[in-house]
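In what follows, a single structure is set out as structure tokens and then discussed.
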Amino acid sequence: MKNICIVFALFLYGSTCLLAQSNFEEITIKNNLGGYQFYQGENRLSVNELAKTLKTNSIAYKQFQSGQNSYRASMIFGTVGGFLIGYPIGTMLGGGEPNWTLAGVGVGLAVISIPFTNNFKKNVHRAVDTYNQNLQSNTILEQSELQFAITGNGFLIKFHY
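Written out as structure tokens, the structure is:
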């Protein structure tokens with residue numbers, strides 16, 4: 000009798016794990032002029048919320064982190080490059096003698112930021128695709144049902160999918 004209770008408890012525990020994925024929805028990415036917006040169902044996700052959501056899938060999260068590193072590098076090169084372009088232009092508009100060498104270096108830094116931005120886009124799309132594919136592969140578990148019943152001959156365990 001003790002063994003039957005242990006087996007019953009294990010199956011009961013297993014059935015709760017089967018329903019663990021049922022609340023997750025796919026993530027979608029929408030392009031706008033300022034960059035990307037991330038949505039899970041109808042809810043808009045910030046980048047931090049996206050990171051927390053992707054943490055449930057280790058592969059997707061690693062891809063996302065790689066994209067974040069590229070984004071940081073892109074922002075550093077782009078910001079410094081933009082400053083170095085804008086400073087001589089501001090000097091010229093103020094009536095001073097602009098240093099066009101600085102502007103040339105700024106253009107070079109801005110151009111260097113482009114591959115980092117593209118790498119960010121590629122990795123974030125890949126991370127979201129990995130996350131969504133994992134959700135689709137779990138649809139059998141989401142639609143499955145585990146039933147327990149007591150019959151005249153003993154216990155009945157049914158698994159419907």
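Heads up: the sequence shown runs through residues 0 to 160, numbered per numbering that gives the first Met the number 0.
Heads up, the beta-carbon is just placed ideally off N, CA and C, and yes, glycines get one too.
Check, Outcome
"In angstroms, rounded to a whole number, what distance separates the CA positions of Asn122 and Leu53?", "13 Å"
"What's the call for Gly94, buried or exposed, on a 16-neighbour Cβ count within 10 Å?", "exposed"
"Can you say whether Pro87 is buried or exposed, counting buried as having 16 or more other CB atoms within 10 angstroms of its CB?", "buried"
"Considering just the uninterrupted stretch of the beta strand (DSSP E) at Gly94, what are its terminal residues?", "Run containing Gly94: none; DSSP gives neither H nor E here."
"Where Ile58 and Ser65 are concerned, what is the direct C-alpha to C-alpha distance, given to the nearest angstrom?", "11 Å"
"For Thr55, does the three-state DSSP call read helix, strand or coil?", "coil"
"If I'm right that Phe37 touches Ser73 with Cβ under 8 Å, what's the distance once you round it to whole angstroms?", "Not quite, the Cβ-Cβ distance comes to about 18 Å (not below 8 Å), so this is no contact."
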